[in-house]
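Printed below as a string of structure tokens:
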């Protein structure tokens, strides 16, 4: 007897009936056999040792698969509960799911501190080494009551499952059995590296009226190397956390009276202003026109744009003249009001409206996070109104703009994704096909490798997204180019062609940096606070060796300031060493020390943030070199 | 028998009992006798011929006095009603008050058009020439009913007066008598110049449920010359109306879906951005730090600042996390949150926070007017935090800043007013006295003439206001400097002094241009759209004589653009004359025409907006001259 199994790539193969995932993995490759965690048979994820008795679609899952990773972490949570039950027999286990970065398990009557982690981890290690297999079993409510005597949580969960018409199952590994739907990996021995991370309080079912439980967080990997990499990454990310650096460098603050809205201190405001100036210079060169638009609009606008129907829960509402108004979450509808405020000729096209207006989006308070998730944001937003013949040139020019900003200016790498027509798309079939081809042609012509996401476009048009990779390998979706055939319809946005006939306009939404707040946060983390010279709030700090050199320091500062360089003098009585260290902690790229030698020779001693020291630099030379470095937006600070 | 009369300047003089205002005026000067309209005896304004029978404070009123002017215009309204009654005997007169720019009178059953104005004016002229005296009389309700048979309006008014416990009086001139409280001038002959302006519909008592009446507007002056000046002013102001110019030059637009919030088209946005850049340059030189602050704040902030109690009806409300929030109408409270976010040392002071954030104020819709009265505005707002010892230097530097902007940059004249401690002031008596003296010293040291407004300061501190005078002689309150001892108390804003002790900070609110929107409107009207070169949206327009010169035009445009000059090419097929006229209507300061001669000689033919034409200007010379003109912010465009 044989079964025909279909692999993820669509290929089919015949196996003997009763074949197991483990055997199949071995038949494919040694590597897969080693990495395999469990197997997905049709929609069911189960043990590698489960015999397959009928034709099915199968997928051998490893840690690289999202489902494999989740089963792996879920199993880790069971190992944790197993160890806790062994060490703290009074503890009542409740629930323990996998999460993005690992897993957790909530316990009642468990009183531990992080100092107990090594003991618990060592118990977990024993369970792992015991190579216990996860076994699934169908059980009754009575079984659960017997299995968890005095544990009202499990009883409550089991009753809930039954009420929802679900079956009760448990997973058992060795002498530990848990009420659980699964799925799990095959055996505990697969968890080569496991680590407890932190403790937290958590209310049963997230309800603060219930008892507070002890939540133990952990993470796990299939190898020690992966765990170490992850811990290093965490360490590095912590050092670079923009919230911490933002506070240390006095870049920005938050306040409970305006959650999710950034207060930029003077130094943070410099960064935002420099980013805006940078874009404005490019806008001038690239034929964009900046506009300013209102902040609040009558509900009627949002009904017309569709935001009222599809985005209302994220809109801040207000009232004017007895009517409902909303704070704008996006600029597009206001640009359409400007575009349609007069008859437009083909001669005016393409028209590129750029807008740095503030946008407000009512994100859930608990999800707000530093500059990365805010309620008030400013995008480097622009909308291009053009004819369909002009799309390709516009896209080419946008791809060039994005490359100029990310690669040429910040030396970021990025991935590109093209998302095409979804099932529920609006607009003419032919227009879609043509537009998608235009995007593909433009990407090819720009020699860009891209990932195709078929059907992932917005309902109003296809789009290209750019994912920037930072120095920790994290990717951030920043730039976006979206064609829109829908809003021009809703607003009846037209142009009069050379032949006097009216046509619908094509609208391109695009942002380069995305949210300026978020991009500033990415920069701070990527550069660990050591921002490029042109973006740095204080570019030069002058330290005086003794008070009698203050006049010389002031004279140097004046000259630098007249060249537009941001400079400050530290003339405090502290030791030079301390002042230098302070300046380095403040990530000041250029530290000038002035004393006898400098004053007499009209020179400067310059120390850069990477520790290089230059003596006897002529003042005029220094100013010219720094001006040029700033103007060229150089990433490295080196003097000749 | 004698009476002792006290003059406005406090001087007293004895006159014979029964002396009249006319006699007193004659005794003072021929000019006063000629200009006198009526006399105020204690609190009563009456005829110049009324005999004065007891000691009193008196003031001879002329058109220069607000009260004199109002009596004059009120009398003009009576003359209008008199003429209407003569010409249209069925018309029912209702009410006719003086208003800021003249007077009006509302009539029922009056069906006229502006074409009837000359006839009415000529009838009014007869009444004026008849030199009829205004006579006041106490009357009864019965008298009124007899006087206005079939006129229910007058009956209703009279009954209202009685109900409020007021007496009924009429004023009579010749054969016309009106229910009226007065006051009036002495005789109709005083109205040397009178003119009807327009017709409008107006509901009885302003209630749209009532009948619509015919409102006749007019204005009047004591001399033909003054009337002519006023009419010229109106004509000029109409030509310069920024709403009209704003539309013609495509600077901005409004939309019903966001009343009072400006949409700046690309050209208008250039003006706002140039103003902001100009201020930012000065901020950099003058030690200001720009900050960015949130737009919406919890009600708790506004309660703390006092805005919730005193300004709530002007605040746009919204909601977040189930709590009341408001769109900020002012920046000060958020700057205090930043200031108090850490312990501040005397070494950091003075700290100058500048903020171009959007402010929202819910002005009544009917009062919104172009850029002059908006709901969303951006101020060049700053708050200076300093010690009381630093106030004087800060004020001196602010006075210098204001002079630099208004006089040196825009060549505006301005008046200065100092307002001191009001009765209901908050804060220490001594601090007030000291602060006022500091302001006075600073004004004196800056050699500024100022008007003192005793008791007119804000309750939180004294202030200096700057009133800018435009080319039509209108004044605009723009810059302001306000000391504040109150908000630092409310927010407990302190600094640690050299001795380690804490002190309250002094806060200075100040704006230079005020609202940027409003200032842009003032500039547009002052310059009648012909903005200074550095502010002009399109600085250079290149016109081609024939299509074959387009490449040369493009080359010139490229060179100009690379120098940051805003340039556009008009290569349409229209005649050169038409293109030049178009460019002039668009107030383009520099028009370049390019043809054979220019291309061959690599030169330019330049035409400025005041009609000067320069031929054979070398390209490089032109670019350098224009760059310098822009950099120096010159008001005149002249080439060498």
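Residue numbers (this note's numbering), protein chains in the order written: chain H, 1 to 640; chain F, 641 to 1280.
Don't be surprised by glycine CBs; every beta carbon is placed ideally from N, CA and C.
Predicted model only: the values in this text are computed from it and were never measured.
Taking 8 Å as the cut-off, the Cβ atoms of residue 1058(F) and residue 1089(F) do not count as close. At least one C-beta of chain H is nearer than 8 Å to the C-beta of residue 897(F).
About 6 Å separates the beta carbons of residue 87(H) and residue 123(H), which is inside the 8 Å limit, making them a contact pair. Listed as beta-bridge partners of residue 133(H) by DSSP are 187(H). Checking the DSSP bridge columns, you'll see residue 543(H) partnered with 570(H), 593(H). Per the Cβ contact rule, the region 487–499 of chain H is not in contact with the region 523–538 of chain H (fewer than 3 Cβ pairs under 8 Å).
For residue 1111(F), the secondary structure class from DSSP, reduced to helix, strand or coil, is coil.
By the rule that beta-carbons nearer than 8 Å mark a contact, residue 1178(F) does not touch chain H. Pairing residue 616(H) with residue 913(F), the inter-Cα distance amounts to about 41 Å. Put simply, the region 706–725 of chain F touches the region 826–835 of chain F. At least three CB pairs are less than 8 Å apart.
With respect to the 8 Å criterion, residue 110(H) and residue 214(H) are classified as neighbours on the basis of their beta carbons. Taking 8 Å as the cut-off, the beta carbon of residue 607(H) is found no closer than this to the beta carbon of residue 600(H).
Residue 623(H) and residue 533(H) do not touch by the CB rule: their CB atoms are close to 14 Å apart, not below 8 Å.
Here residue 895(F) carries a coil assignment [DSSP, helix/strand/coil]. Less than 8 Å divides the Cβ of residue 657(F) from the Cβ of residue 643(F). Burial is judged here by how many other beta carbons sit within 10 angstroms of a residue's own beta carbon; residue 1181(F) has at least 16 and is buried.
In the three-state reduction of the DSSP assignment, residue 715(F) falls in the helix class. Segment contact: the region 944–954 of chain F against the region 263–278 of chain H, fewer than three CB-CB distances shorter than 8 Å; contact not assigned.
Going by DSSP, residue 1093(F) is part of no alpha helix (DSSP H) but of the beta strand (DSSP E) stretching over 1090–1093. In the DSSP assignment, residue 378(H) falls within the beta strand (DSSP E) that extends over 376–386. Separation of residue 667(F) and residue 813(F) (C-alpha to C-alpha, rounded to the nearest whole angstrom) is 27 Å. Secondary structure of residue 1131(F) (DSSP, three-state): coil. Listed in chain order, the alpha helix (DSSP H) elements of length 4 or more contained wholly in the region 414–459 of chain H are 429–445. By the Cβ-count criterion, residue 471(H) is exposed, with fewer than 16 other Cβ atoms from all chains shown falling within 10 Å of its own Cβ. Its chain contains 947, 951, 954, 955, 999, 1000, 1001 as the residues whose beta carbon lies nearer than 7 Å to that of residue 969(F), once the 5 sequence neighbours on both sides are disregarded; these appear in chain order.
Residue 14(H) is bridged by DSSP to 4(H). Along the region 280–307 of chain H, going in chain order, the ones with a CB nearer than 7 Å to a CB of chain F are 289, 290, 291, 292, 293, 294, 295, 296, 297, 298, 300, 301. When 8 Å is used as the limit between beta carbons, residue 902(F) is near these residues of chain H: 292, 294, in chain order. The alpha carbon of residue 383(H) has as its nearest neighbour, out of 506(H), 591(H), 639(H), 416(H), the alpha carbon of 506(H). Beta bridge pairing from DSSP links residue 38(H) with 61(H). If you check the CB distance, residue 94(H) and residue 137(H) do not come in under 8 Å.
When the beta-carbon positions are compared, residue 463(H) and residue 477(H) stay at least 8 Å from each other.
Contact between residue 57(H) and residue 44(H) does not hold, since their C-beta atoms are separated by about 11 Å, which reaches or exceeds 8 Å.
By the neighbour-count criterion, in which 16 or more other beta carbons inside 10 Å mark a residue as buried, residue 30(H) falls on the exposed side. Within the same chain, 1054, 1055, 1056, 1057, 1115, 1116, 1117, 1118 come within 8 Å of residue 1107(F) by CB-CB distance, once the 5 residues on both sides are set aside.
Under the 8 Å Cβ criterion, the region 228–238 of chain H does not count as touching the region 890–898 of chain F, having fewer than three qualifying pairs.
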